[in-house]
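>
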Amino acid sequence: MPKASSKAQQQAAGAALAAKRGEQDSSDLQGASKQMYETMSEDELETMASTDRSDLPETAG
Numbered sequence: 666m667p668k669a670s671s672k673a674q675q676q677a678a679g680a681a682l683a684a685k686r687g688e689q690d691s692s693d694l695q696g697a698s699k700q701m702y703e704t705m706s707e708d709e710l711e712t713m714a715s716t717d718r719s720d721l722p723e724t725a726g
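Using the working numbering, read the sequence shown as starting at 666 and increasing by one per residue.
Next up, the structure:
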């Protein structure tokens, strides 16, 4: 399962996961979180969203 490679990616996965679970309206998603919502399973999103943020850079690259 994928791990987040940046804090931004981890945050986007969290938003997509909330939408998958019905905790947030999926129409509110934009950019990476919208793409993740459409292409990843709830399990994949949970793994990515639960990545420890302490050692991650703000953005990938």
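For each residue, glycine too, the CB sits at the ideal point set by N, CA and C.
1. Using the Cα positions of GLU707 and ALA683, report the straight-line distance between them to the nearest angstrom.
2. Using three-state DSSP, classify ASP690 as helix, strand or coil.
3. Can you tell me where the alpha helix (DSSP H) with LYS699 in it begins and where it stops?
4. If I measure Cβ to Cβ from LEU721 and keep anything under 6 Å in the same chain, skipping five residues before and after, which residues do I get?
5. Give the secondary structure of LEU710 by DSSP, where H, G and I count as helix, E and B as strand, and everything else as coil.
From the atom records:
1. 9 Å
2. coil
3. 696–704
4. SER671 and LYS672
5. helix
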